[in-house]
Amino acid sequence: MNSVALTIGLLILSLFSSMTARADCSNVSDVPTSATGLWLWSRVNSNDGTTLVTYFEMLQDGERVDGHVEYSWGGAPHIEGRMQGNCLSFRLEGDLGTLYTGVIDGTKMSVTVHGPKETSQMELVRLPLGSPKYGSPATLPELSSVASNELASTPPMGWNAWNHFHDYLDDKTVREIVQSMISSGMRDAGYVYVNIDDEWSGERDITGQIQSNRNFPDMKRLAEYVHSNGMKIGLYSSPGPQTCEGHLGSLGHESADALVYASWGIDYLKYDWCSAAFVYSDSDMRQVYQRMGTALRNAGRPIVYSLCQYGKEDVWKWGGLVGGNLWRTTPDIQDKWSSVQSIWDAQKSILRFNKPGGWNDPDMLEVGNGGMSEDEYRAHFTLWAFLAAPLIAGNDPRTMSKSALDILTNKDVIAIDQDSLVSAPQELGRSKGLEVWLRELSNNEIAILLVNFDDVHERAELVWDSPRFNARDLWRHEAVTIDKNYDVELVPHTVKLLRMSRSIGVPRVVFQKAGK
Ligand code: GLA
């Protein structure tokens with residue numbers, strides 16, 4: 094296309110989009126109106142009756158409007174808009190497929206959101222620019238080391254609601270999940286923590302004490318129920334004013350909240366950065382997490398402390414010093430193979446930071462959630478176990494398939510995860526997407542892992558000097574006799590996991606052409 098045609102094309106496109114915007118501004122008046130202000134979008138969350146709040150900050154210059162939104166999860170996309178009379182049309186950076194048109198009437202703006210699939214409505218209220226939005230940042234402590242809570246000597250195992258239930262969960266469902274974890278054998282396989290994620294907090298009462306929302310009428314009684322079933326219970330919060338889903342965070346209430354958790358009988362806290370991004374800078378993170386670490390240590394109850402800040406600021410170097418028992422090393426997992434692979438790759442340079450009491454956390458498991466094949470879930474679980482990652486199931490144990498249960502409760506693989514030696518895996522070889530790894534185990538044994546990330550078959554031969562010996566195949570649950578050579582061909586996205594005596598020595602890896 095030549096440049097004249099391109100210019101004409103762009104002109105037609107911009108004329109068309111401005112006409113669309115105008116067409117959607119149904120109440121345009123010619124009275125010049127300003128969009129400048131701090132616009133508050135406050136609404137009731139129908140899931141739990143709590144109030145959610147989002148700010149849009151806007152500044153108008155001529156017809157042009159610029160600004161940003163502050164989402165509770167910490168994102169602040171740029172607003173780019175155009176004012177015509179009393180009608181503002183705008184789009185958000187990163188979501189150009191959605192058009193917002195707002196009609197301003199004094200301190201109110203009625204916004205229609207024209208999404209690619211549906212249209213919705215937002216009612217905003219104008220506050221003066223510069224109005225206080227969130228509480229003040231907490232006073233940050235001098236850097237120091239929080240004394241160990243002596244918990245999580247092996248990677249924590251349990252279940253968490255988020256990957257399957259997202260923003261809706263209730264007391265009844267948690268009790269059902271406890272029962273299904275018991276009857277399925279998950280609890281006895283080691284999954285003892287039952288963790289409620291971003292679904293539980295309500296408002297603060299008049300004294301400032303945090304309350305659970307209407308879906309959790311009595312958190313203390315729920316904790317008692319979980320304990321009476323031989324399990325432990327976890328909650329979730331944020332150092333910011335809001336959790337990622339917009340529920341109440343702990344900003345300025347860290348010690349009080351830790352005391353409440355302890356009084357309820359809570360055993361585990363996942364503490365998620367989210368909106369803390371709007372009151373602190375990333376470089377404050379260690380002190381911010383230390384503040385809650387200290388509060389938990391002083392709360393009078395041992396509480397596992399799970400840091401969730403997506404691997405920012407090299408958390409593996411200081412997560413243990415703030416009292417953390419595990420720290421997220423990457424952004425959120427997704428229920429797809431490419432996510433498993435990218436998280437695995439991201440762990441390779443930080444393997445040595447794992448230690449009893451303080452674990453790299455590559456995020457919760459997706460096994461059983463439906464986005465991957467059975468082979469892929471088996472591989473996902475194996476990789477996490479090989480890393481000695483926390484094994485926090487993220488499915489619905491009430492409805493899980495036999496295949497998901499068999500994966501999650503493979504005791505041989507869990508034993509690799511929980512092995513007391515906590516030795517960092519070593520890579521023995523890699524060719525295309527086929528990787529071969531070794532991990533030293535207690536009891537003078539080793540585990541050998543082969544994983545095929547490719548979409549085609551891959552093959553490798555492991556060669557030992559030792560004559561005939563036995564290994565154990567941890568997915569076939571059988572002994573394998575190896576006579577110097579072990580030739581493995583892996584179909585796409587599968588693993589082979591073997592356990593054997595260390596005295597046999599380390600194999601050489603010879604990559605071969607796959608037969609298929
Ligand atoms: C973040 C965390 C997730 C989950 C959600 C809840 O995205 O990384 O694990 O806790 O928040 O809102």
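If you want the working numbering, it's the position in the sequence shown, counting the first as 1, plus 93.
Heads up, the beta-carbon is just placed ideally off N, CA and C, and yes, glycines get one too.
Report the rounded CA-to-CA distance for residue i versus residue j, giving the unit in angstroms.
i    : j    : result
R421 : G451 : 11 angstroms
P600 : R552 : 15 angstroms
S331 : V372 : 12 angstroms
A649 : V218 : Residue 649 lies beyond the stretch modelled for the chain, which goes from 94 to 609, so this question has no answer here.
L542 : W530 : 5 angstroms
E163 : D360 : 32 angstroms
K410 : A169 : 28 angstroms
V124 : E156 : 13 angstroms
V584 : D428 : 20 angstroms
L344 : N503 : 41 angstroms
G178 : S203 : 14 angstroms
Given the structure, does residue i come close to the ligand GLA, in the sense that its CB is under 7 angstroms from one of the ligand's heavy atoms?
i    : result
T336 : yes
D610 : With the chain running from 94 to 609 in the structure shown, residue 610 is simply not present.
C401 : yes
Y361 : no
D425 : yes
Y329 : yes
D510 : no
D290 : yes
W255 : yes
W166 : yes
Going by other Cβ atoms of all chains shown within 10 Å of its Cβ, with 16 needed for buried, is residue i buried or exposed?
i    : result
Y336 : First, the residue type needs correcting, since residue 336 is Thr and not Tyr in the sequence shown. Buried is the call here.
A240 : exposed
K325 : buried
D154 : exposed
T492 : exposed
A114 : At A114 the pLDDT is 40, less than 50, meaning the model places this residue with poor confidence; the figure from the coordinates comes in the next sentence. Buried, since its Cβ has 16 or more Cβ neighbours within 10 Å.
E582 : buried
V50  : A question about residue 50 goes unanswered here, because the residues of the chain that appear run from 94 up to 609.
R379 : buried
L501 : buried
Identify, in the order they occur along the chain, each residue of the same chain with its Cβ nearer than 7 angstroms to the Cβ of residue i, setting aside the five sequence neighbours on each side.
i    : result
C401 : K363, Y364, D365, W366, R421
A116 : For A116, the predicted model reports a pLDDT of 41, less than 50, meaning its position is unreliable and no value from the coordinates is stated.
H340 : T143, D291, S294
M312 : S305, W357
V408 : L400, Q402, W420
L49  : Limits of the chain in this structure are 94 at one end and 609 at the other, which puts residue 49 out of reach.
T200 : V218, R219
P539 : First, the amino acid is wrong: residue 539 is Ile here, not Pro. Cβ within range, chain order: L531, R532, E533, M593, R595.
D558 : G598
T205 : D117, T194, T212, Q214
Near residue i, which residues of its chain fall below 8 angstroms by C-beta distance, leaving aside the five closest residues on each side in sequence?
i    : result
R565 : D505, E571, A572, V573, L591, R592, M593
Q302 : A349, V353
G386 : V239, Y398, V415, G416, G417
N308 : N140, D141, Y261, L262, D263, D264, E292, W293
Spatial neighbours of residue i within its chain, please: C-beta separation below 6 angstroms, excluding the five flanking residues on both sides.
i    : result
G413 : G451
V588 : A472, T475, V544
Q434 : F546
> How about the region 491-500 and the region 521-529: do they share at least three Cβ pairs that are nearer than 8 angstroms?
Replying inline: no
> Looking at C-beta atoms only, is the number of pairs between the region 479-492 and the region 510-524 that lie closer than 8 angstroms three or more?
Replying inline: yes
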